[in-house]
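Residue numbers (the numbering used here): 110 to 634.
Built from N, CA and C at the ideal position, the CB exists for glycine as well.
Structural data, given as structure tokens:
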């Protein structure tokens, strides 16, 4: 039988205690108290330490040991010519302060952590963003990170400091093991347990000096690790998965940039808020008073069509300014293309009759109104679309896909009199068409509120009325447009992908059969 309690008495499982350094005969050999523990057993066996190496040898040992690189020409001579008593200490400090130190010694830890930049197995898929973990280890050594923090970040950095990209990269320790991305349903549970075993086995060998994996099938034969403790430890990582995560490498820089932007953006927002508080309610009341008089409806002319205008490809057809974009003259012809009136193209229906691949078709009509007003319109397109009102762009969508109702909804500001509406439909291939309709001027919910006496409207209804009316007011629209334009300058972090571990990451989501951890029910022998 395996005696767990007896195993716990082994010296390596005992708590630390203060001990007195042993006495030695050769006191002159001592430089630190640790040297006493080295010399005492040698003297007990009547052995003497080797003589101190020459300065040249010590220099080369330090270079190869800390950097893994030979000295440059002239470095040894410069070192030997320095007779100050701190020469060797200064050399060690200089080597430790150089990034080469972390690059050299990180290799030892990365070997223990089974670091690789591909999944392994037959398909051996690349892990192009796994290098962030390597860089974390190098940085930790060069910055002399405390060992307890070094360990904690690798086990739970994503939970401890979720906004810290370095802490996220540190969990690459858990994700560094081999993984097969090609699995059948029956292989998933076994593969998941292999993955979890790899995590706890590596955790044990690197950070505990224990072969915890030996307790996967039975109580450990030498160390005090029962099989139940093994599966309890495995369950700690039951929801750990691995995948690329987008992170901001410099959140402080992003935060500072956002604070500067917010300060510059505030006057735009304040101007609109002041207008909404001081002016907009009066404008709304004036508009409501005018509604006692019936508003003349807008008059839309029949559609006129010209096209197709061909191009080398879809993008060029979208980008090129064909003649109708430069001037609208319904009497002009352009090669075989001429303007044709289309009275059969009724609004509110899909017209899938445009021709030409990698080409543009243009639709034109006039909209007449007795006074300035907004007009909500709904559009559909196959594929891309551009819209101009009175020569000013009001919509541009470089997309591909079939036409449908209400794909784009915009509100245009009509001037009093005649307005010119030009629509460009760009087709990549196959069928092409468009959809157009004007939406009701006043929706039902606003009608219901307007039907109430002013003193009967609650605060929510008043705010709903103001919110609906605001885009109809030209001055509010200008203030709002200024906000939208300035918002385009909002700083965005330059995100980098980091291959690391995360709770519920991709490799965890293999199905319900992989989300629980069970004890292995078997005997021990």
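One alpha carbon belongs to residue 608, the other to residue 355, and they sit about 9 Å apart. Take residue 241, set aside five residues on each side of it, and the residues of its chain with a beta-carbon closer than 6 Å to its own are 278, 607, in chain order. In the structure shown, residue 462 falls within a strand segment according to DSSP collapsed to helix, strand and coil. The DSSP assignment places 143 to 153, 164 to 175 as complete runs of the alpha helix (DSSP H) inside the stretch 132 to 186, in order along the chain (cut-off: 4 residues). Residue 136 and residue 180 have their C-alpha atoms some 34 Å from each other.
For the pair residue 433 and residue 463, the CB atoms are not nearer than the 9 Å cut-off. Residue 584 and residue 593 have their C-alpha atoms some 14 Å from each other. A distance below 7 Å between beta-carbons, with the five flanking residues on each side excluded, links residue 149 to the following residues of its chain, in chain order: 131, 133.
Boundaries of the beta strand (DSSP E) around residue 520: 517 to 523. Using a C-beta cut-off of 8 Å, the stretch 526 to 533 makes no contact with the stretch 553 to 568, since fewer than three inter-stretch Cβ pairs fall below that distance.
For residue 356, the enclosing beta strand (DSSP E) covers residues 349 to 356.
DSSP lists no bridge partner for residue 627.
DSSP, read as helix, strand or coil, puts residue 274 in helix. For residue 310, the uninterrupted alpha helix (DSSP H) run begins and ends at 297 to 312, by DSSP. Residue 193 sits exposed, since fewer than 16 C-beta atoms from the chains shown fall within 10 Å of its C-beta. Counting of Cβ neighbours within 10 angstroms places residue 396 among the exposed residues, the total staying below 16.
Looking only at 129, 283, 471, 305, the smallest Cα-Cα distance to residue 264 is reached by 283. In the same chain as residue 485, and ignoring 5 residues on each side of it, the C-beta atoms closer than 6 Å to its own belong to 520, 548, in chain order. In this structure, residue 469 places its C-beta atom within 9 Å of the C-beta atom of residue 429.
Selection 537, 169, 387, 352 evaluated against residue 188 yields 169 as nearest (Cα-Cα).
Taking 9 Å as the cut-off, the Cβ atoms of residue 415 and residue 447 count as close. Annotated three-state conformation of residue 587 is helix, per DSSP. DSSP places residue 483 inside the beta strand (DSSP E), whose first and last residues are 482 to 491. For residue 570, there is no enclosing beta strand (DSSP E); the residue is found in the alpha helix (DSSP H) stretching over 568 to 578.
A residue is called buried once 16 or more other Cβ atoms fall within 10 Å of its Cβ, and residue 423 is buried on that count. For residue 612, the closest C-alpha among the options 299, 411, 271 is that of 271. Excluding sequence positions up to five before and after residue 570, its CB lies within less than 6 Å of the CB of 558, all in the same chain and listed in chain order. Take residue 318, set aside five residues on each side of it, and the residues of its chain with a beta-carbon closer than 8 Å to its own are 121, in chain order.
Here residue 546 is not near residue 474, since their CB atoms are 9 Å or more apart. Straight-line measurement puts the Cα of residue 305 at about 17 Å from the Cα of residue 225. Within a 10 Å sphere around the beta-carbon of residue 387 sit fewer than 16 other beta-carbons, which makes this residue exposed. According to the DSSP assignment, residue 260 belongs to the alpha helix (DSSP H) that extends over 256 to 269.
For the set 427, 544, 212, the Cα lying nearest the Cα of residue 251 is the one of 212. For the set 196, 581, 498, 302, the Cα lying nearest the Cα of residue 392 is the one of 581. Cβ-Cβ distances below 6 Å link residue 466 to 538 in the same chain, with the five nearest sequence neighbours on each side left out; the list follows chain order. Residue 309 counts as buried, since at least 16 other C-beta atoms from the protein chains shown sit within 10 angstroms of its C-beta.
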